[in-house]
Amino acid sequence: MVNPLGNRKVLIGLGLVILVAIAAGFVYLRGRGEEGSTVGEEPPKESLLARNSLSFTGAGDYTFDVFPPLGWARTDDEDVDLRIGALSPDIIPSTEDEFTANILFSVYTHEEISASSIEDYAADWKPYLLSYYPSINFVNDYQTKIGGLSVYVVEMTQPLDGVMMHQMQYIFWLDRDYALFVTVTSLDSAWNKHKDGISDSIKSIELDLSDSPSN
0 MVNPLGNRKV
10 LIGLGLVILV
20 AIAAGFVYLR
30 GRGEEGSTVG
40 EEPPKESLLA
50 RNSLSFTGAG
60 DYTFDVFPPL
70 GWARTDDEDV
80 DLRIGALSPD
90 IIPSTEDEFT
100 ANILFSVYTH
110 EEISASSIED
120 YAADWKPYLL
130 SYYPSINFVN
140 DYQTKIGGLS
150 VYVVEMTQPL
160 DGVMMHQMQY
170 IFWLDRDYAL
180 FVTVTSLDSA
190 WNKHKDGISD
200 SIKSIELDLS
210 DSPSN
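Residues 0 to 214 (numbering that gives the first Met the number 0) are what the sequence shown spells out, left to right.
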């Protein structure tokens, strides 16, 4: 069957990384390889995370380590700094098409909303997303700390071509120029299956201070 969202890979403005994440789910994992390259120490929960971490470097020469969820692997995507996806796709109930849950990682500048602090994202990011996706339903949003970094988190669902998607965006404040954007995408019908492993994976993100610029 033809994937209903298979042609939705669009890159116009940072907000549209949401469609990139959705499109990425329909790309079957090629060259699956290992679940992670040997970097870093043992993860805190082997039951939910891969044994080995992955490393990636983004704009501003910021380098990060992250443990993928167990059963997930790095996949090729030239549009982001790192993409990891589940090795087993989920089935869309209404069409029986396959969708692969995925997490995208990229370092971007603050130019989309001219943010000068993480509080600016807390105030302005949801209206910015709504300007692109009026059908978004915001489930939750909050600020937290992960790996010593200030993070704004927004959770949302939205229907797209009749398929209900579940997404989360984590915005890690790095400095006055850059933030790390982490976009999680799953079928809403499969969210409960993936959410705990995804949560632990996001909590494992660490900035590699030996290879990253000082703030």
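The beta-carbon is built from N, C-alpha and C at its ideal position, and this holds for glycine as well.
Query                                                                                                          : Result
Extent of the continuous alpha helix (DSSP H) run through residue 135                                          : From DSSP, residue 135 is part of no alpha helix (DSSP H); its letter is neither H nor E.
In chain order, each beta strand (DSSP E) run of at least 3 residues that lies wholly inside the region 37-102 : 53-56, 62-65, 71-74, 81-85
C-alpha gap between residue 45 and residue 186, whole angstroms                                                : Summary for residue 45: the model assigns pLDDT 49, below 50, so the residue's position carries little reliability; its value from the coordinates is reported in the next sentence. About 25 Å.
Rounded distance between the beta-carbons of residue 55 and residue 81, thought under 8 Å                      : 4 Å
In DSSP terms, what residue 145 is bridged to                                                                  : 148
Residue burial classification, residue 208 (beta-carbon count within 10 angstroms, cutoff 16)                  : exposed
Beta-carbon proximity of residue 48 to residue 68, cut-off 8 Å                                                 : yes
One or two residues paired with residue 178 in a DSSP bridge                                                   : 107, 172
Where residue 129 sits in the DSSP three-state scheme                                                          : helix
8 Å Cβ cutoff met for residue 66 and residue 181                                                               : no
Cα-Cα separation, residue 183 to residue 169                                                                   : 8 Å
Environment of residue 259 [buried if 16+ CB atoms lie within 10 Å]                                            : Since the first and last residues shown for the chain are 0 and 214, residue 259 lies out of range.
Simplified DSSP state of residue 198, which is helix, strand or coil                                           : helix
Buried or exposed by the 16-neighbour rule on C-beta atoms within 10 Å, applied to residue 141                 : exposed
Cβ distance (whole Å) where residue 71 is taken to contact residue 57 below 8 Å                                : That pair is no contact at about 20 Å.
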